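Participant: Those protein sequence lines, which keep their order, are chains A and B. Position in the first sequence (from 1) plus 9 gives the number in this note's numbering. Position in the second sequence (from 1) plus 9 gives the number in this note's numbering. Built from N, CA and C at the ideal position, the CB exists for glycine as well. As the structure is a computational prediction, the values presented were derived from the model and not from experiment. My questions all concern the structure below.
Protein chains: 2
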Amino acid sequence: MPKQTFFNLPAQKRKTLMEAAGKEFARVPLSGASIANIIKSAKIPRGSFYQYFENKEDLYYFLLGEQTKERKMNFISLLKKHNGDIVEATIEMYYDFLKQMPDEDEQKFLKNAMLHVTHKVENAFTDVFDIGDGKEHLEEITALVNKERLNIRDDKDIFHIMQIVTTVAFRNFVEKFSKELSDEEAIENFNKEMDLLKHGLYRRE
Amino acid sequence: MPKQTFFNLPAQKRKTLMEAAGKEFARVPLSGASIANIIKSAKIPRGSFYQYFENKEDLYYFLLGEQTKERKMNFISLLKKHNGDIVEATIEMYYDFLKQMPDEDEQKFLKNAMLHVTHKVENAFTDVFDIGDGKEHLEEITALVNKERLNIRDDKDIFHIMQIVTTVAFRNFVEKFSKELSDEEAIENFNKEMDLLKHGLYRRE
DNA sequence: CGATTTTGATGACACTGTGTCACTTCACTA
DNA sequence: TAGTGAAGTGACACAGTGTCATCAAAATCG
Chain A
10 MPKQTFFNLP AQKRKTLMEA AGKEFARVPL SGASIANIIK SAKIPRGSFY QYFENKEDLY
70 YFLLGEQTKE RKMNFISLLK KHNGDIVEAT IEMYYDFLKQ MPDEDEQKFL KNAMLHVTHK
130 VENAFTDVFD IGDGKEHLEE ITALVNKERL NIRDDKDIFH IMQIVTTVAF RNFVEKFSKE
190 LSDEEAIENF NKEMDLLKHG LYRRE
Chain B
10 MPKQTFFNLP AQKRKTLMEA AGKEFARVPL SGASIANIIK SAKIPRGSFY QYFENKEDLY
70 YFLLGEQTKE RKMNFISLLK KHNGDIVEAT IEMYYDFLKQ MPDEDEQKFL KNAMLHVTHK
130 VENAFTDVFD IGDGKEHLEE ITALVNKERL NIRDDKDIFH IMQIVTTVAF RNFVEKFSKE
190 LSDEEAIENF NKEMDLLKHG LYRRE
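If you want it as structure tokens, here you go:
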């Protein structure tokens, strides 16, 4: 997390800084990004950077979190819209994600993130639970889920289902970028896999 | 890929070098590893390192590939053993992987790899297809698979099923490391999820 | 053989980038 | 208006990378 100093900054300066960071992380993946470029582009001195952030990673994960925040917030409402159907909600989330695809820099940033996924990056995308107090949020989702339709014994299994669906969805994203699939191809693959998840890999007797 | 010079090296020297690399990559994740440490430990001059490898990453992915080679080779025989059942074969692969868990350095190396997974690392684990000529290998697997039991329309769907199963299996590994689960907990989670995959997330009518 | 060419070994060096720290400036309050 | 704590600043020490000119060894050839 950025230091308090960063949050005390005037909004404009904060925005400039984040834009500079976005630009640099769009240019190259985390490992290749340089603080020098960011501060040059944001026109702040080196010392200030360390006044605001622990290091490059600190800024990076903060930015990633910000960029995915809205997308994540959306899940609850999608769940309501689809009458508690987790898979359908995730499918629409996937579509939205593809459609939204914001400005070019943000797109490149995401691509870099996807191709150099760390455990932390993956969590940023798949932990739809982890907003604010994670516990409560998970409970909220659990309550919303339509259990009639699901092949589960108890509430704990909902967690596994979420896990599976988000993991496979995420993998499909990474693939879209790494294999440079068109939206159509990506969606075709994704739908096929979601279908297999719903009805099972094994044939029904 | 390492340069030819590396493969021309006497076996002993090559081994020493790989051990030194293993040690360094066990100590810290790729981004933190230093060539200086590796060459000091392997007692070779800096220039020689660049005679053998393009850079740190080159060595890293080569080492990763070597360490997982045998584990990957195993899949075909597991598939035969389980009469072409992909899920059962993958389940046994997972168990083997947990049980084998070799010397401490190799274990730490894997842990670092898992927690800082790049798209490339994930592929190293999940591309059970990609040994030697990928095309042939995939066909070999496709031929072996027992399609009677699977919920598929054509051979292309087998690919999606492999994708799903290996992705979820891989995610379970990462989780074992990141949440420091015991073997028992890890296996319980994993079995639960494999079961959901087999029979579907949706309830059978 | 000795000469020549090719291949490999070596470490000093230029360069890039990080994080720190002593010092300055600013904003606010007593 | 002096005093205090927070924020700003950039020079610097340090760590790491990749290259290159040079040397050594081995293979090839007339």
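#1: Nearest to Ile161/B by alpha carbon, out of Gly209/A, Ile173/A and Phe16/A?
#2: Going by other Cβ atoms of all chains shown within 10 Å of its Cβ, with 16 needed for buried, is Ala20/B buried or exposed?
#3: So with CB distances below 7 Å, who are the chain A contacts of Thr77/B?
#4: Could you tell me which whole alpha helix (DSSP H) segments of length 4 or greater appear in the region 68-152 of chain B?
#5: Helix, strand or coil for Val177/B per DSSP?
#6: Helix, strand or coil for Leu159/B? Go by DSSP, reduced to three states.
#7: Taking the DSSP output, what are the residues bridged to Tyr211/B?
#8: Glu145/A to Pro54/B, Cα distance in whole Å?
#9: Among residues of its own chain, excluding the 5 on either side of Asn121/B, which ones have a beta-carbon nearer than 6 Å to its beta-carbon?
#10: Determine the burial state of Gly31/A: buried for a count of at least 16 other Cβ atoms within 10 Å of its Cβ, exposed for fewer.
#11: Give me the chain A residues within the contact set of Arg36/B, using Cβ-Cβ distance strictly less than 9 Å, ordered along the chain.
#12: Quick one: which residues of the region 151-165 of chain A get their C-beta closer than 7 Å to a C-beta of chain B? List them in chain order.
#13: Please list, in chain order, the chain A residues whose beta carbon lies closer than 9 Å to that of Gly209/B.
#14: Residues of chain B with CB under 7 Å from Leu107/A, in chain order?
#15: Output yes or no for whether 8 Å exceeds the beta carbon distance between Arg158/B and Asp204/B.
#16: Counting only the same chain and skipping the five closest in sequence on each side, list residues whose C-beta sits under 7 Å from that of Ile167/B.
#17: Report yes if the C-beta distance between Ser187/A and Leu124/A is below 8 Å; otherwise report no.
#18: Suppose only complete runs of 3+ residues qualify. What are the beta strand (DSSP E) ranges in the region 178-204 of chain B, listed by chain order?
#19: Are the region 173-180 of chain A and the region 98-115 of chain A touching, with three or more C-beta to C-beta distances below 8 Å?
#20: Counting only C-beta atoms, is Ser187/B closer than 8 Å to chain A at any point?
#21: Can you tell me where the alpha helix (DSSP H) holding Lys52/B begins and where it ends?
#22: What residues of chain A sit near Leu87/B, judged by a beta carbon separation below 7 Å?
#23: Compare the C-alpha of Met82/B against each of Ala133/B, Tyr59/B and Gln116/B and name the closest.
#24: Determine the direct distance from the alpha carbon of Asp192/B to that of Phe199/A, and round the result to whole angstroms.
#25: At the level of alpha carbons, what is the spacing between Lys207/B and Tyr211/A?
#26: Out of Met10/B, Lys49/B, Arg36/B and Lys12/B, state which residue places its alpha-carbon closest to the alpha-carbon of Leu26/B.
#27: Within 10 Å of its beta-carbon, does Phe58/B have 16 or more other beta-carbons around it, so buried, or fewer, so exposed?
#28: For a quick check, are the C-beta atoms of Phe34/B and Ala42/B less than 8 Å apart?
#29: In chain order, what residues of the same chain lie with their CB nearer than 7 Å to the CB of Tyr69/A, ignoring the 5 residues before and after it?
#30: Under 7 Å Cβ to Cβ from Asn182/B, same chain only, skipping five residues before and after it: list those, please.
#31: At 7 Å on the CB atoms, spell out the chain A contacts of Thr176/B, in chain order.
#32: For Asn17/B, does the three-state DSSP call read helix, strand or coil?
#33: For the region 104-128 of chain A, list every residue whose C-beta sits within 9 Å of some C-beta in chain B, in sequence order.
#34: Can you give me, in chain order, the residues of the region 38-71 of chain B that have a beta carbon less than 7 Å from any beta carbon in chain A?
#35: What residues of chain B sit near Ile170/A, judged by a beta carbon separation below 7 Å?
#36: Quick one: using the 10 Å Cβ neighbour count with 16 as the cut-off for buried, is Lys24/A buried or exposed?
Facilitator: According to the structure shown:
#1: Shortest Cα-Cα distance from Ile161/B to any of Gly209/A, Ile173/A and Phe16/A involves Gly209/A.
#2: Ala20/B is exposed by the Cβ-count criterion.
#3: Neighbours of Thr77/B across chain A, judged by C-beta separation under 7 Å, do not exist; the nearest C-beta is about 18 Å away.
#4: With a minimum length of 4 residues, the continuous alpha helix (DSSP H) runs that stay inside the region 68-152 of chain B are 84-90, 95-109, 113-124 and 128-135.
#5: When DSSP states are grouped into helix, strand and coil, Val177/B belongs to the helix group.
#6: In this structure, Leu159/B counts as strand in the three-state DSSP scheme.
#7: BP columns for Tyr211/B point to Leu159/A.
#8: Cα to Cα, the separation comes out at about 56 Å.
#9: Correct list, in chain order: Pro38.
#10: Here Gly31/A is buried, its C-beta having at least 16 other C-beta atoms within 10 Å.
#11: Simply none; closest approach about 18 Å.
#12: Of all residues in the region 151-165 of chain A, Arg158, Leu159 and Asn160 have a Cβ within less than 7 Å of some Cβ in chain B.
#13: Within chain A, the C-beta atoms nearer than 9 Å to that of Gly209/B come from Asn160, Leu205, Leu206, Lys207, His208, Gly209, Leu210, Tyr211 and Arg213, in chain order.
#14: Result: empty, since nearest Cβ-Cβ is about 18 Å, beyond 7 Å.
#15: Against a cut-off of 8 Å, the Cβ pair of Asp204/B and Arg158/B comes out as no contact.
#16: Excluding sequence neighbours, Ile167/B sits near Thr151, Val154 and Ile161.
#17: Cβ distance < 8 Å, so Ser187/A and Leu124/A count as in contact.
#18: If only uninterrupted beta strand (DSSP E) runs of at least 3 residues are considered, none is enclosed by the region 178-204 of chain B.
#19: Contact holds: three or more Cβ-Cβ distances are below 8 Å.
#20: Cβ-Cβ to chain A under 8 Å: yes for Ser187/B.
#21: Lys52/B -> no alpha helix (DSSP H), and no H or E assigned at all.
#22: The premise fails here: Leu87/B is roughly 17 Å from chain A at the closest Cβ pair, so nothing lies under 7 Å.
#23: In terms of CA proximity to Met82/B, Ala133/B leads the group Ala133/B, Tyr59/B and Gln116/B.
#24: Their Cα atoms are separated by approximately 32 Å.
#25: Going from the Cα of Lys207/B to the Cα of Tyr211/A covers about 5 Å.
#26: Looking at Met10/B, Lys49/B, Arg36/B and Lys12/B, the one whose alpha-carbon comes closest to that of Leu26/B is Lys49/B.
#27: Flag for Phe58/B reads buried.
#28: Cβ distance < 8 Å, so Phe34/B and Ala42/B count as in contact.
#29: Counting only Cβ-Cβ distances below 7 Å, and skipping sequence neighbours, we find Phe34 and Leu39.
#30: Checking the sequence shown, residue 182/B turns out to be Phe, not Asn. The beta carbon of Phe182/B lies closer than 7 Å to those of Met123 in the same chain, with the five residues before and after it left out.
#31: Listed along chain A are Thr176, Val177 and Arg180, each with a C-beta nearer than 7 Å to that of Thr176/B.
#32: Of the three classes helix, strand and coil, the one that applies to Asn17/B here is helix, per DSSP.
#33: Going along the region 104-128 of chain A in chain order, one finds Met123, Leu124, His125, Val126, Thr127 and His128 with a Cβ nearer than 9 Å to chain B.
#34: Along the region 38-71 of chain B, going in chain order, the ones with a CB nearer than 7 Å to a CB of chain A are Ser40.
#35: Here the neighbours are Leu205 and Leu210.
#36: So Lys24/A counts as exposed.
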